[in-house]
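A.B. asks:
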Amino acid sequence: MQDEEIVEGLKKGENWAFEFLYKNYAGKIGSVAKAYLGSDDVDDVVQEVMFRIFKGIKKFKGDSKLSTWIYRITVNVCKDFLSRYKRRSEILADFTEDEETSLPHPPSDIDTSDVATGEIEYEKILEAMEKLPAEDRLLIKMRDIDGLSYEEISQILGKPVGSVKSSLHYARKKLRRLLEGAKE
Numbered sequence: 001m002q003d004e005e006i007v008e009g010l011k012k013g014e015n016w017a018f019e020f021l022y023k024n025y026a027g028k029i030g031s032v033a034k035a036y037l038g039s040d041d042v043d044d045v046v047q048e049v050m051f052r053i054f055k056g057i058k059k060f061k062g063d064s065k066l067s068t069w070i071y072r073i074t075v076n077v078c079k080d081f082l083s084r085y086k087r088r089s090e091i092l093a094d095f096t097e098d099e100e101t102s103l104p105h106p107p108s109d110i111d112t113s114d115v116a117t118g119e120i121e122y123e124k125i126l127e128a129m130e131k132l133p134a135e136d137r138l139l140i141k142m143r144d145i146d147g148l149s150y151e152e153i154s155q156i157l158g159k160p161v162g163s164v165k166s167s168l169h170y171a172r173k174k175l176r177r178l179l180e181g182a183k184e
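Take the sequence shown: its letters are residues 1 to 184, numbered as in the UniProt record's numbering.
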C-alpha cells in the first residue's frame, strides 16, 4: 500500500487506515522508544505517538516519507518523556522480567554450547547498549537494526547528514569500547 493512500485514509478518518497504521508502525514505535528510553514506558509512548499522528495528519504535506514523519514524532515524544523524568528527578528503570525459554529436547544437530555462547554475547551487547547515552542507542538502532538511511535519520533527528554519520561513528566506537571492556 502506498503512503499516499494511507495518508488520505487517515485524513478522512477511515478505520482501515488507522488499523493499518497501528499494525505496521506500533512495533517500530515501541522499538524506538525502548532504544531511546531504555524503560518500560513503551506502551505510553506508542499511545502518545498514535494520538499525535491522529491530531497532526491533516498537516502532513508529504514532504517526507510517512515513516520518516512517524519516526520524527516518536523521537519528539521520547524526548518529552525524558524531560519529564529529569524534571521529576526520576530514575529510568527497566522492569522487564526475564522469561526462561528452554527446549525440552534440543535437536541433535544444534551445538548447545554455541547457542549458549551466542546468548551470552547477545546479553553483553544489550548490557553495553544500556550504558550508552539515549541518542547513541537510538542512532545505532535506527541505522544498524532498522536499516534506515543516513538521510532518513537526518530528517528524523533534524540534524545534517554529516553530523548523523559522525555521531553514529562515535556511538559505535563507544559501544565497541564497552564490549571490549566486558570481555576482560
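In this text, a Cβ means the ideal position worked out from N, Cα and C, and glycines have one as well.
Is D44 near the ligand SAM - that is, is its Cβ less than 7 Å away from at least one heavy atom of it?
C.D. replies: As for the ligand SAM, it is missing from this structure, which has no ligand bound.
A.B. asks: By Cβ distance below 7 Å, which residues in the same chain neighbour R172 in space, the five residues on each side in sequence not counted?
C.D. replies: Hits under 7 Å: I140.
A.B. asks: Determine the direct distance from the alpha carbon of V45 to that of K11, and round the result to whole angstroms.
C.D. replies: Cα to Cα, K11 sits roughly 22 Å from V45.
A.B. asks: Taking the alpha carbon of S154 as the reference point, which residue from K165, G147, L82, I145 has its own alpha carbon closest?
C.D. replies: When only C-alpha atoms are compared, the closest one is K165.
A.B. asks: Out of E135, D144, M129, L148, point me to the one whose CA is closest to E180's CA.
C.D. replies: Of the listed residues, the one whose Cα sits closest to E180 is M129.
A.B. asks: In chain order, which continuous runs of the alpha helix (DSSP H) of length 4 or greater are located wholly inside the stretch 10–39?
C.D. replies: The stretch 10–39 contains these whole alpha helix (DSSP H) runs: 15–37.
A.B. asks: Quick check on M50: buried or exposed, where buried means 16 or more other Cβ atoms within 10 Å of its Cβ?
C.D. replies: The residue is buried, with at least 16 neighbouring Cβ atoms inside 10 Å.
A.B. asks: Would you call the CB atoms of I57 and V7 closer than 8 Å?
C.D. replies: In contact: I57 and V7 (Cβ atoms closer than 8 Å).
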